[in-house]
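Numbering (numbering that gives the first Met the number 0), first residue to last: 0 to 342. Okay, so here's the structure we're looking at.
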Amino acid sequence: MSYFAFGLGIGTQSSNGDWLEIYYNKPLLNPSDALIQAVSDKLGYEGGDAAIEICEEQLKDLEAAFLSVDAEDQAEIVEVLKGTQQPMVVTILATDSAPATTAEVYLKLALLSHRLVKPHGTDLSGMFGLLPNVAWTSEGAIALEDLPRRQLAARAQGRVLNVQSVDKFPQMTNYVVPEGIRVGDASRIRLGAHVGEGTTVMHEGFINFNAGTMGVSMVEGRISAGVVVGNGSDIGGGASTMGTLSGGNNVVISVGENCLLGANAGLGLPLGDRCTLEAGLYVTAGSKVTLLDDQNNEVGVVKAAELAGKPDLLFRRNSQNGRIEVKTNQSAIELNAELHKHN
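Printed below as a string of structure tokens:
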């Protein structure tokens, strides 16, 4: 049979033994049957989705299993882990079904940030109930119930335990730095973001989980959960995209290729290729939009949702009467070529 994913992980547990986070150095998408069989023989895996906790003594057998099927990358991970006392787990996903454990969620988030799957390319149903709220600190992940004791212990040793955030998601770059990206403030990209090669994320840029860029982009605004930005498109300073978690919205917002969202613009509908949103303009699916021809004559009024996915559009606000107007976009390609010249 075919398998969906595999990962050998090392992570952090609370004082109660609950998983807080798991780091998968080299997760595998569609691992070979031979690899899964070799691991099964050593760990007693009997099929289905499973998160099998292992100890340091089992690493030697696991290394032999990997080498027997020429999985040298996985064997190299084992070699580094030998001697560790940190908790470890082998996670096997037989199918891409809804995750049932914290370890399974972290493997799927890793697949996204390693660019092995694209946003919306894996089932994350029910994930929030499986991710604990964690204090992300200068000493790693700490369970909230353990935090006061750890803070006191640090003070007793003359140190300050720096709590950087309290959240269900860690920052992506503590788990993977994909090839070919630049990031101004790494804390603003969550694990589970998909950051395409050639993307630059400036200091105020933000990318949520199960969202991101498909190629070369400049991100100075917000890419919300579930939003996909096409190759060659740019999110201007302060611009925002409406996520699938916002206000009960269940429409997947996307930005096509070679698009530009101007500074402080906002997008609440799928945008086609080579489109531009004027700076400061927020367009939602229900916005009334006046259609203009090439001579700037009004030819109709529609809801913006009727323009979803259509290419070569320029959305702007009329500075005299305040109405939203749309006409054929002539400048998107030229604008983006200049923006990406030195990415």
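All C-beta atoms in this analysis are idealised placements derived from N, C-alpha and C, irrespective of residue type, glycine included.
Proximity below 9 angstroms, CB of residue i to CB of residue j
i: residue 186; j: residue 164; result: yes
i: residue 218; j: residue 243; result: no
i: residue 285; j: residue 262; result: no
i: residue 93; j: residue 46; result: yes
i: residue 141; j: residue 88; result: no
i: residue 272; j: residue 311; result: yes
i: residue 224; j: residue 260; result: no
i: residue 266; j: residue 251; result: no
i: residue 195; j: residue 213; result: yes
i: residue 309; j: residue 193; result: no
i: residue 208; j: residue 95; result: no
Residue span of the alpha helix (DSSP H) that contains residue i, given as start and end
i: residue 73; result: 71–80
i: residue 134; result: Where residue 134 is concerned, there is no enclosing alpha helix (DSSP H), although the beta strand (DSSP E) it sits in stretches over 133–136.
i: residue 297; result: Not the alpha helix (DSSP H): residue 297 falls in the beta strand (DSSP E), residues 297–302.
i: residue 314; result: Where residue 314 is concerned, there is no enclosing alpha helix (DSSP H), although the beta strand (DSSP E) it sits in stretches over 312–316.
Residue i - DSSP class collapsed to helix/strand/coil
i: residue 3; result: coil
i: residue 334; result: Caution applies to residue 334, whose pLDDT of 49 falls short of 50 and renders its modelled position unreliable; the model cannot decide the point.
i: residue 53; result: strand
i: residue 38; result: helix
i: residue 103; result: helix
i: residue 322; result: coil
i: residue 150; result: helix
i: residue 171; result: helix
i: residue 211; result: strand
i: residue 124; result: coil
i: residue 9; result: strand
i: residue 115; result: coil
i: residue 233; result: strand
i: residue 278; result: coil
i: residue 108; result: helix
i: residue 33; result: helix
i: residue 130; result: coil
i: residue 262; result: coil
Proximity to residue i [Cα-Cα], best of the options
i: residue 26; options: 128, 113, 308 and 93; result: 113
i: residue 76; options: 131, 103, 51 and 8; result: 8
i: residue 61; options: 34, 141, 84 and 48; result: 34
i: residue 39; options: 18, 65 and 56; result: 65
i: residue 294; options: 325, 193, 264 and 18; result: 325
i: residue 174; options: 151, 231, 109 and 205; result: 109
i: residue 317; options: 160, 240 and 276; result: 276
i: residue 210; options: 90, 305, 235 and 222; result: 222
i: residue 203; options: 184, 216 and 193; result: 184
i: residue 328; options: 313, 321 and 320; result: 313
i: residue 50; options: 128, 206, 274 and 99; result: 99
Inter-residue Cα distance where the pair is residue i and residue j
i: residue 121; j: residue 111; result: 8 angstroms
i: residue 181; j: residue 134; result: 26 angstroms
i: residue 80; j: residue 14; result: 22 angstroms
i: residue 83; j: residue 144; result: 25 angstroms
i: residue 288; j: residue 107; result: 39 angstroms
i: residue 48; j: residue 29; result: 13 angstroms
i: residue 268; j: residue 307; result: 6 angstroms
i: residue 228; j: residue 254; result: 5 angstroms
i: residue 299; j: residue 290; result: 5 angstroms
i: residue 241; j: residue 226; result: 8 angstroms
i: residue 188; j: residue 1; result: 32 angstroms
i: residue 18; j: residue 131; result: 8 angstroms
i: residue 301; j: residue 10; result: 52 angstroms
i: residue 12; j: residue 102; result: 11 angstroms
i: residue 323; j: residue 305; result: 14 angstroms
i: residue 57; j: residue 85; result: 13 angstroms
i: residue 152; j: residue 161; result: 13 angstroms
i: residue 257; j: residue 303; result: 20 angstroms
i: residue 201; j: residue 104; result: 28 angstroms
i: residue 179; j: residue 36; result: 35 angstroms
i: residue 55; j: residue 73; result: 15 angstroms
N- and C-terminal bounds of the beta strand (DSSP E) containing residue i
i: residue 20; result: 18–23
i: residue 287; result: 287–291
i: residue 186; result: Unbroken run through residue 186: none, as it is neither H nor E.
i: residue 66; result: Residue 66 -> not in any beta strand (DSSP E); alpha helix (DSSP H) instead, spanning 58–67.
i: residue 91; result: 87–92
i: residue 281; result: 281–283
i: residue 48; result: First-last for residue 48: undefined, no H or E at that position.
i: residue 266; result: 265–267
i: residue 368; result: Any answer about residue 368 is impossible in this case: the structure gives the chain only from 0 up to 342.
i: residue 163; result: 162–166
Short CB-CB distance (under 9 angstroms) between residue i and chain B
i: residue 270; result: Note that chain B does not occur in the displayed structure, where there is just one protein chain.
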